[in-house]
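In order, the protein sequences belong to chains A and B.
Heads up, the first sequence is in the numbering used here, so the first residue is 1 and it goes up one at a time.
Heads up, the second sequence is in the numbering used here, so the first residue is 1001 and it goes up one at a time.
Yeah, the Cβ is synthetic: ideal placement off N, Cα and C, and Gly gets one too.
No experiment lies behind these values; they were computed from the predicted model shown.
Take a look at the structure set out below.
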Amino acid sequence: MEIDSELFIKILHVNFKFEIVDTDLGKGLKVDPFTAFIYSCVTGAGYLDNPAYPFTPKGIMKVFYSALDYRFVTGIFDNTSLKNTPLNLHKAKKFLFNSDKIIVPVEFDSERELQKILSDFISKQKQPTENFVIQRIEKSKNGNGMEPFLEYLACETIRRDNFIVESQVPLSHSKGSPDFAGYRFNSVSVPFNSVHIFELALIRLGLSRSCVHTSLSNRFIVGEAKTSTTDMKNQLEKYLSTNFFNEAYEIHSSKISPAETVFGLITLDKKYRVVLTPPREKDTFVLPEKQSKYRDWLENYIKYYLIANLTNDEFVTFYQEKNKRKISSSHDVVTFINSLSYEDILTKITEVSYGSV
Amino acid sequence: MAQSSDEIIKRELIDHLGSATGDLSLRVFPESSNDDQKQFSDGGLTFGFNGLLYGSCDACWVRKKDWLDPYNKVTSSEEPVIALEGTDALNRGSSGNAQYQRFHHALGAVKAGIIGVYYLKKGADKIQEDLYEMAYNASQIESGTYLIIDDLSELKTLLDLIDDNVKTKAFIEKKLSVMHSIFQKKFDEKYGSWEEFAKKRSTIIKDTYVIKYSGRMLRNFTDSSQRAGHIAVGEMYLTKYFFPRKHVYYLWPKMSSADIEYLDSNKSVDKEWQLLRNEPGVEIITRDDLVGVPSAVITQLYQIRDEPLKGEVLVKFNNCMQIISDGLRNGKITIKTK
């Protein structure tokens, strides 16, 4: 099943009840600004602020190169400073959270064709066009280039089962970067679930999702999305060989069954609904000791997205309050953030948002 | 995955320079697109000259005007004005020859007769001074202009001046002069003379030609993880544009003519291999192309042909190369004429 514009609209409408609207670019889906931001972060669909290179926050809010490691990539942090946080993005691009957005699929065969379509559209609009989020549907590619869209579907599906979800996951250079992962913790140890991990950086901007109380034990899942092939076995086996994950999922728009009994499958049925089939064999690869180290790292990893609710000045002040000296290296930043509890950080966010608690 | 170097550069271009300046619009594609690999006249960002394609650029400012593409003699309805290859390498630990590896991307545009810009975003590392001279000399012998920049405000100034030929020419001449001065200052400090340069940089300088030698082996080009193609291309262009009016022999003594033939057969669509084999004024030669090399040296080179240059192998290679380079300098070893 190749996902074209028509199918795209049906899938999102059926699964998430987004309202279908008409636009000069064709049918689109109206969503609130946070949903649009999450959608753009995962899929790379761009806000139409210019026809050449529409803005997307995809890839700019990462934290670390790999799991079990605390070396920063340029993303949320740039060396010792908070850089690409949603708060900073909001200051630079007010359109991100100011009003509802319309996600519009646009099919094209060449980049020049797409740029002409978007230029012509922009020239005819009387209002700024940043409220349109353009989903590229690249007809020249196998699968129309819709793998990130499948990642979004997987994330949204798994999120509802009390997982913190992530796409394009930091794992390791040798194993690669999984398309998708889900982390479920006992809510006593980690009081967050049912979110994309970067949503934890949107608290200050008004996003709230309630944490479902759960005493379930930790569970970590991983997935790989494909559109041009049905073969995900090698990659999933690599991810499972880390011994971190309890389950692995193939993500494909029209596969009927997974390649192995140890894999689950996320796919679409004939009525465009996302269907999740769990693996018949679970927990085959996980090793408690290795998973425990991964869990410890994840529990720290989450803190960096929470810290991203602060401005850089607030973060520097927070550091100095606790350490009585200035930040001198990224090692200082890491040591500091890892030492904080979730309560410490949430209290600080409340304090800077509303005054002292 | 975090944002790639290319994404960081493209986003910076849009944020600082916008998608249009005057009558120029920006041709730029997202990371996920393959359209940059297409020739310019086919809607892409790849330039070439006389049938030889160079690396793809990240962006190009274009205007609506017919332009005859010198690569394939096809007329495009858009004229390229400034093509840019950018990198975040200076923030990613690329302090050495990794900077040269992208030099040929904007070079295609320069050969096509337009302004090519290699933008290395400011970072912890500095721009290697060699790059400035490579670009300066490319500007002297090619039909376009090659600029090396680390500050987009320079590019903004150029874009603002571009419709004024006199001011644009003055800007370019001044920039090229600064580039040459940066290189010359460093060269004088580090080497003092071309003879000293030659000794330290595995180069033999003659009146009408130079020989650059290195320890390349077949596996460097057949194993994609080794990235030797990128390194070799960078080295080739450094030598070519340091000696822009001399013929360049690029000597790989660990390799044989048969190795080159194998690569010619198996890498016919590899862009970098095609550049190595077809760049005007450059000739790849192996131990089989040398006359007068002692048989013991030939035997030694054959024995270490597949071994990485380290430890004892490096010692053997260096010993062989001392004999060969001395011979090439004093005429006891010569290059076969073809």
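Check, Outcome
"Residue 267/A at chain B interface by Cβ criterion, 8 Å", "no"
"Candidates 1222/B, 1276/B, 1333/B, 1268/B: closest to residue 1306/B by CA position", "1222/B"
"Limits of the unbroken alpha helix (DSSP H) element including residue 1328/B", "1311-1330"
"Segments of 3+ residues assigned as beta strand (DSSP E) that fall wholly inside the region 1029-1093 of chain B", "1046-1049, 1052-1056, 1059-1069, 1074-1087"
"Within-8 Å CB hit, residue 1035/B to chain A", "yes"
"Simplified DSSP assignment, three categories, for residue 1108/B", "helix"
"Coil, strand or helix - residue 245/A by DSSP", "coil"
"Residue 1258/B versus residue 1264/B - alpha carbon distance", "10 Å"
"8 Å Cβ cutoff, residue 51/A in contact with chain B", "yes"
"Interface residues of chain B facing residue 311/A [CB-CB closer than 9 Å]", "Chain B residues near residue 311/A: none, gap ~20 Å exceeds 9 Å."
"Beta carbon proximity, residue 62/A to chain B, threshold 8 Å", "yes"
"Close-in-space but distant-in-sequence residues of the same chain around residue 233/A (CB under 7 Å, 5 per side omitted)", "259, 260"
"Beta-carbon proximity of residue 162/A to residue 194/A, cut-off 8 Å", "yes"
"heavy atom of the ligand FMN below 7 Å from residue 1283/B C-beta", "Among the ligands in the structure shown, none appear at all, so the ligand FMN cannot be discussed."
"Whole-angstrom distance between residue 1280/B and residue 1345/B, CA atom to CA atom", "The shown model of chain B, from 1001 to 1338, leaves out residue 1345/B, and the question about it has no answer."
"Exposed unless 16 or more other CB atoms sit within 10 angstroms - verdict on residue 128/A", "exposed"
"Neighbour flag for residue 111/A against chain B, beta carbons, 8 Å", "yes"
"Contacts of residue 328/A in chain B (Cβ-Cβ under 8 Å)", "Near residue 328/A there are no residues of chain B at all, since even the closest Cβ is about 16 Å away, more than 8 Å."
"Where the beta strand (DSSP E) through residue 1284/B begins and ends", "1282-1286"
"Nearest neighbour of residue 313/A, chosen from 83/A, 7/A, 336/A, 45/A [CA to CA]", "83/A"
"DSSP beta-bridge partners of residue 1171/B", "Paired residues: none, contrary to the question."
"Unbroken stretches of the beta strand (DSSP E), 3 residues or longer, contained in the region 47-77 of chain A", "none"
"contact_flag[the region 1202-1213 of chain B, the region 1168-1180 of chain B] where n(CB pairs < 8 Å) is 3 or more", "no"
"Of the residues 1310/B, 1242/B, 1277/B, the one placed nearest residue 1229/B, counting alpha carbons only", "1277/B"
"Supposed contact pair residue 1237/B and residue 1107/B - C-beta distance, whole angstroms, cut 8 Å", "7 Å"
"Proximity test, Cβ basis, 8 Å: residue 254/A and chain B", "no"
"First and last residue of the uninterrupted beta strand (DSSP E) at residue 181/A", "180-184"
"Proximity below 8 Å, CB of residue 1102/B to CB of residue 1118/B", "yes"
"Host alpha helix (DSSP H) of residue 115/A (start-end)", "111-124"
"Per-residue burial, residue 1227/B [other beta carbons within 10 Å of its own, 16 or more giving buried]", "exposed"
"Contact set between residue 1007/B and chain A, taken where Cβ atoms lie within less than 7 Å", "59"
"Same chain, Cβ closer than 7 Å to residue 1201/B, neighbours up to 5 away in sequence not counted", "none"
"Segment contact flag, the region 287-303 of chain A with the region 237-252 of chain A, C-beta cutoff 8 Å, min 3 pairs", "yes"
"Residue 1060/B, buried or exposed, once every other Cβ within 10 Å from all chains shown has been counted against 16", "buried"
"Residue 1026/B (DSSP reduced to helix, strand or coil)", "strand"
"Delimiting residues of the beta strand (DSSP E) encompassing residue 22/A", "19-23"
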